[in-house]
Amino acid sequence: MLDIKFIRDNAELVQEGAKKKHIDFDIKKLLEVDDKRKALSQQLEEKRAKQNQVNTEVPKVDSDKRTQLIKEMQLLKEEMQKLEEQLKEVIIEWQKLMVAVPNIPDMSVPEGEDDSTNLEIKSWPVSASGGEKTKFSFTPKNHTELMLDLDMADFDRGTKVAGFRGYFLKNDGALLSYAIWQHALNHFLAKDFTPMIVPSLIRRESLIGSGYLPQGEEDLYRTQDGEYLSGTAEVATMAYYMDEILDKKDLPKKFLSFSPCFRREAGAHGKDVKGLIRVHEFYKLEQVILCEASHEESVKQHEFLHRNTEEFIESLKIPYRTVINCAGDLGLGQVKKYDIELWVPLEKKYREIGSTSYFHDFQTRRLGIRYKDEDPSASSGQGKMKFAHSLNSTAIPTPRILVSLIENFQQIDGSIIIPEVLRPYIGGREKISKN
RNA sequence: GGAAGUGUGGCUGAGUGGUCGAAAGCGCCGCUCUCGAAAAGCGGUAGCUCCGCAAGGGGCUCGGAGGUUCGAAUCCUCCCACUUCCGCCA
Numbered sequence: 001m002l003d004i005k006f007i008r009d010n011a012e013l014v015q016e017g018a019k020k021k022h023i024d025f026d027i028k029k030l031l032e033v034d035d036k037r038k039a040l041s042q043q044l045e046e047k048r049a050k051q052n053q054v055n056t057e058v059p060k061v062d063s064d065k066r067t068q069l070i071k072e073m074q075l076l077k078e079e080m081q082k083l084e085e086q087l088k089e090v091i092i093e094w095q096k097l098m099v100a101v102p103n104i105p106d107m108s109v110p111e112g113e114d115d116s117t118n119l120e121i122k123s124w125p126v127s128a129s130g131g132e133k134t135k136f137s138f139t140p141k142n143h144t145e146l147m148l149d150l151d152m153a154d155f156d157r158g159t160k161v162a163g164f165r166g167y168f169l170k171n172d173g174a175l176l177s178y179a180i181w182q183h184a185l186n187h188f189l190a191k192d193f194t195p196m197i198v199p200s201l202i203r204r205e206s207l208i209g210s211g212y213l214p215q216g217e218e219d220l221y222r223t224q225d226g227e228y229l230s231g232t233a234e235v236a237t238m239a240y241y242m243d244e245i246l247d248k249k250d251l252p253k254k255f256l257s258f259s260p261c262f263r264r265e266a267g268a269h270g271k272d273v274k275g276l277i278r279v280h281e282f283y284k285l286e287q288v289i290l291c292e293a294s295h296e297e298s299v300k301q302h303e304f305l306h307r308n309t310e311e312f313i314e315s316l317k318i319p320y321r322t323v324i325n326c327a328g329d330l331g332l333g334q335v336k337k338y339d340i341e342l343w344v345p346l347e348k349k350y351r352e353i354g355s356t357s358y359f360h361d362f363q364t365r366r367l368g369i370r371y372k373d374e375d376p377s378a379s380s381g382q383g384k385m386k387f388a389h390s391l392n393s394t395a396i397p398t399p400r401i402l403v404s405l406i407e408n409f410q411q412i413d414g415s416i417i418i419p420e421v422l423r424p425y426i427g428g429r430e431k432i433s434k435n
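So in this note's numbering, the last spot in the first sequence is 435, and the numbers never skip.
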């Protein structure tokens, strides 16, 4: 959510931002509704002032006078009730529009409609012709085939038990996942993150707060009690401080949150139906930061978060590239987003495994996460309340990361070389093979 | 699932129809005292919002949403969360 005052003062900018994101939003409509809202509430406030004034007199005057005043107030009350009804309707419309106002993309975000125009800014490892990719002297297999051959996963029984897109990880498939989590914990916690295991079964409010609802209803599973299954630990982690006032000296707060994640993948029915790329249920370590309300700080933390993820992938030695997402590929609240994409040898292209975005105060305004800022110009020591800034970044999604790992490190005999950094967590073994 | 209770400012906690945006304490900020600190004393200290250049003034907020009333933190209804007891399950 943006500040209505900011929207009023920068209507054109907000409208252009929506256009750049290819989001259909009519700012004029919002301003009209806001004019109505302001006019009605002013009228109402005048009447309330009158009422309050009389209210203090009532107990002080004699009974004749009191009867007369009460009669007057009865009339005033009727007028107020009419105004209140009108105002209520306007506010409902106003709120509906307000939560739909997209945040403004950063200047550095390229134009474009969808992920096809995302802009590559880096590829790794570096070679003369750009990013170096994995080379094979044989025809590589896909991860599904490799995992089945090595008894690392079971998709048939996955769908039998769990339905479409269901899967089991077993043997080295399971162990490799644990190893990745362990390595990831060590990697990220070295940078002063607070480790968290957060709820996936969460209330609607939390999802509205992070900006996933109301517009993303069809992507989420909902229980018969009205809770939702979260698609990312970001939501619970962000909502952790909902309606709280933080101490400025504790900022930035950095969290590494783990949770199961659930996605309906509505509208993705034909896509990636085999294997572990697109599943309904997975696990993810997520980085979340709450920081001071300054653009510079957001940018700094954004680079920091993304670089963390890059370093993690580099430690696994999987070829990747980083892209800046174009405006059309940004979510409602995102100001700027980097995707990290890993090399998929069979498809001969990079595929996204995670992203890092910042939001300014879009999320924290909805969630009510504030801190008291010191005002250097005031000697009184009184600070202003500010909404914190928020950022988040995929640290590591499992099992999706297994796909790249297995396909890139497969050998001609169907075995898989285990990245060195993972070996301590998987019995010191160098490879996964049939025997 | 059943029963009872609780939800008030940064925190603890008083307040059961008008004088309550709210006692008191803690914390925090400023000042006095001190070489300095502690202690003590004095003063200040909620947020949001509207009008205004400002000074200042108005409105809203006591878990949330409704209702009763001229008037609600206080009474009523529903919801949410927490606590305790019972039951059930791990």
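Beta carbons: idealized from backbone N, C-alpha and C, even for Gly.
In this text, all values refer to a predicted model and were calculated from it rather than measured experimentally.
So, do the stretch 242-257 and the stretch 189-208 have three or more beta carbon pairs nearer to each other than 8 Å?
-> yes
Inter-residue CB distance, P397 and K133 (contact presumed, cutoff 8 Å) | In the first sequence, residue 397 corresponds to position 397, counting from 1. In the first sequence, residue 133 corresponds to position 133, counting from 1. With 8 Å as the limit, P397 and K133 do not qualify as a contact, their Cβ atoms being about 21 Å apart.
Residues near S377 by beta carbon distance below 6 Å, same chain, minus five either side = By 1-based counting over the first sequence, the position of residue 377 is 377. With a pLDDT of 40 at S377, under the threshold of 50, the predicted position of this residue should be treated as unreliable, though the coordinate-derived value follows. Closer than 6 Å at Cβ, skipping near neighbours: no residue.
Terminal residues of the beta strand (DSSP E) in which G354 lies | Within the first sequence, residue 354 is the residue found at index 354, counting from 1. Run containing G354: K349 to Y358, per the beta strand (DSSP E) assignment.
Where V109 and A327 are concerned, what is the direct C-alpha to C-alpha distance, given to the nearest angstrom?
-> Start at 1 with the first residue of the first sequence, and residue 109 comes out as number 109. Start at 1 with the first residue of the first sequence, and residue 327 comes out as number 327. Taking the straight line joining both Cα atoms gives about 6 Å.
Among D329, E78, V344 and K21, which has the Cα closest to the Cα of T437?
-> No information on residue 437 is available, as it lies outside the stretch 1 to 435 that the chain covers here.
Sub-8 Å separation of P102 and L332 beta-carbons = Counted from its first residue, the first sequence places residue 102 at position 102. Counted from its first residue, the first sequence places residue 332 at position 332. A contact, by the Cβ cut-off of 8 Å.
Going along the chain, which residues of its own chain have a beta-carbon closer than 8 Å to the beta-carbon of M242, five neighbours each way excluded?
-> If you number the first sequence from 1, residue 242 lands on position 242. For M242, where only same-chain residues beyond five positions count, the Cβ hits under 8 Å are E205, S206, G209, L367, G368 and I369.
Taking one C-beta from the stretch 303-310 and one from the stretch 259-275 each time, how about it: are there three or more such pairs within less than 8 Å?
-> no
Ignore the nearest five residues each way along the sequence and tell me which others in H183's own chain have a CB closer than 7 Å to its CB.
-> Walking along the first sequence from the start, residue 183 turns up at place 183. Around H183: V421, L422 and Y425.
Look at the alpha carbon of C19 and the alpha carbon of R365, and state the distance between them as a whole number of angstroms.
-> Taking the first sequence and counting its residues from 1, the one referred to as residue 19 is at position 19. Taking the first sequence and counting its residues from 1, the one referred to as residue 365 is at position 365. Before going on, a small fix: residue 19 reads as Lys here, not Cys. Cα to Cα, the separation comes out at about 23 Å.
Span of the alpha helix (DSSP H) around L148 | Within the first sequence, numbered from 1, the residue matching residue 148 stands at position 148. Residues H143 to D149.
In terms of residues, what are the limits of the alpha helix (DSSP H) holding K160?
-> Working through the first sequence from its first residue, we reach residue 160 at position 160. Start and end: F155 to A162.
Contacts around Y240, its chain only, beta-carbon distance under 7 Å, and the 5 residues preceding and following it disregarded | The count along the first sequence starts at 1 and reaches residue 240 at position 240. Excluding positions up to five away in sequence, the list is empty.
Measure the C-alpha to C-alpha separation of K384 and L220 and round it to an integer number of angstroms.
-> In the first sequence, the residue the question calls residue 384 occupies position 384. In the first sequence, the residue the question calls residue 220 occupies position 220. Distance between the alpha carbons of K384 and L220: 37 Å.
Work out the CA separation of N392 and I432 for me, nearest whole Å.
-> As a working note, residue 432 is residue 432 in the first sequence. As a working note, residue 392 is residue 392 in the first sequence. Looking at the two C-alpha atoms, the distance is approximately 33 Å.
What residues in its chain sit with their C-beta under 6 Å from that of E281, if we drop five residues either side in the sequence?
-> Against the first sequence, residue 281 aligns to sequence position 281. Cβ neighbours of E281 beyond the five flanking positions: F262.
For E352, collect the residues of the same chain with a Cβ closer than 6 Å to its Cβ; drop the 5 residues on either side in sequence, then sort them by chain order.
-> The sequence position of residue 352 within the first sequence is 352, counting from 1. If we look at E352 and ignore the five residues flanking it on each side, its Cβ neighbours are D339 and E341.
Please go through the same chain and pick out, in chain order, the residues whose beta-carbon is closer than 6 Å to the beta-carbon of G381, but skip the five residues on each side of it.
-> Counted from its first residue, the first sequence places residue 381 at position 381. Confidence is the limiting factor: at G381 the pLDDT is only 38, short of 50, which leaves the residue's position unreliable and the question unanswerable from this model.
Who are the near neighbours of E297 in its chain, counting only those whose CB is closer than 7 Å to its CB and skipping five residues on each side?
-> Residue 297 sits at position 297 when you count from the first residue of the first sequence. Around E297: C291 and H389.
Pick from P419, G163 and L146 that is closest to I313, judged by C-alpha positions = As a working mapping, residue 313 is identified with position 313 in the first sequence. The residue with the shortest Cα to Cα distance from I313 is P419.
Using the C-alpha atoms, what's the distance from R165 back to S415?
-> Residue numbering aside, residue 415 sits at position 415 when the first sequence is read from its first letter. Residue numbering aside, residue 165 sits at position 165 when the first sequence is read from its first letter. Computed Cα separation, rounded: 25 Å.
Per-residue burial, G112 [other beta carbons within 10 Å of its own, 16 or more giving buried] = In the first sequence, residue 112 corresponds to position 112, counting from 1. Buried, because 16 or more other Cβ atoms sit within 10 Å of the Cβ of G112.
S433 by DSSP, collapsed to three states: which one?
-> Here residue 433 corresponds to residue number 433 of the first sequence, with the count starting at 1. It is coil, neither helix nor strand.
Under 8 Å by Cβ, that's how I've got D151 and K170 pegged, so tell me the actual separation to the nearest angstrom.
-> Here residue 151 refers to the residue found at position 151 of the first sequence. Here residue 170 refers to the residue found at position 170 of the first sequence. The Cβ separation is near 7 Å, so the contact holds.
Have a look at Q86 and L30 and give me their C-alpha separation to the nearest angstrom.
-> On the first sequence, position 86 is the one that residue 86 refers to. On the first sequence, position 30 is the one that residue 30 refers to. Cα to Cα, Q86 sits roughly 17 Å from L30.
What's the C-alpha gap between E120 and N325?
-> Translated into the one-based positions of the first sequence, residue 120 becomes position 120. Translated into the one-based positions of the first sequence, residue 325 becomes position 325. Cα-Cα distance, rounded: 9 Å.
Looking at H389 and the ligand FMN, is the gap between the Cβ and the nearest heavy atom below 7 Å?
-> This structure lacks the ligand FMN, and indeed carries no ligand of any kind.
Per DSSP, which one or two residues make a beta bridge with L229?
-> Position 229 of the first sequence holds residue 229. The partner list for L229 (beta bridge, DSSP) reads L201 and Y221.
So, helix, strand or coil for P59, using DSSP?
-> Position 59 of the first sequence holds residue 59. Helix at P59.
From the DSSP output, in three-state form, read off P424 for me.
-> In the first sequence, the residue the question calls residue 424 occupies position 424. P424 falls in the helix class under three-state DSSP.
With C-beta atoms as the reference, is K336 less than 8 Å away from Y358?
-> Here the question's residue 336 lines up with position 336 in the first sequence. Here the question's residue 358 lines up with position 358 in the first sequence. Yes, these two residues count as a Cβ contact at 8 Å.
How would you write the range of the beta strand (DSSP E) that F262 sits in, first residue to last?
-> Taking the first residue of the first sequence as position 1, residue 262 is located at position 262. Where F262 is concerned, the enclosing beta strand (DSSP E) stretches over K253 to F262.
Using the C-alpha atoms, what's the distance from M107 back to Q334?
-> Mapped onto the first sequence, residue 334 falls at position 334. Mapped onto the first sequence, residue 107 falls at position 107. Each residue's Cα considered, the two are about 13 Å apart.
Tell me whether E45 sits in a helix, a strand or coil according to DSSP, three-state version.
-> Position 45 of the first sequence, counted from the first residue, corresponds to residue 45. Of the three classes helix, strand and coil, the one that applies to E45 here is helix, per DSSP.
Can you give me the start and stop residues for the beta strand (DSSP E) that D339 sits inside?
-> The residue you call residue 339 lines up with position 339 of the first sequence. That run of the beta strand (DSSP E) goes K336 to V344.
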